[in-house]
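First comes the structure, then the notes that go with it.
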Amino acid sequence: MIVNLALGIVTLSVLLVTFRVLRGPSWGDRIMAFDFLSVNLVVLFALIAVKTRLIVMLDAALVLSLLGFLSTVALTRYLLVGRVMR
14 MIVNLALGIV TLSVLLVTFR VLRGPSWGDR IMAFDFLSVN LVVLFALIAV
64 KTRLIVMLDA ALVLSLLGFL STVALTRYLL VGRVMR
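Using this note's numbering, you'd call the opening residue of the sequence shown number 14 and step up by one each time.
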């Protein structure tokens, strides 16, 4: 029951943060919301793994967390410097 409640709350959070990513007032807000969205999706995958007892979902959560971190760093660097790599 608690896992179902947590799934509902995290799903609502994903929807609200997605709205902020799409309609953020500035690029900084959008990047921060995108980072929070990736964290929420990792938690959502972990909760699904607990509910369904599929270990594969934890691997997917790990990959998603790495991609979320790297994309946040790349977007921030592009916003500040104007390029991602030298």
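C-beta atoms are modelled at their ideal positions from N, C-alpha and C, and glycine is treated no differently.
- Beyond the five residues adjoining it in sequence on each side, residue 64 comes within less than 6 angstroms, by CB distance, of 16 in the same chain, given in chain order.
- For residue 47, same chain residues with a beta-carbon under 6 angstroms away, outside a window of 5 residues either side, are 34 in chain order.
- Between residue 24 and residue 57 a beta carbon distance of about 7 angstroms is seen, short of the 8 angstroms cut, so the two are scored as contacting.
- For residue 66, no alpha helix (DSSP H) encloses it, and the DSSP letter there is neither H nor E.
- When only Cα atoms are considered, residue 83 and residue 44 end up about 12 angstroms apart.
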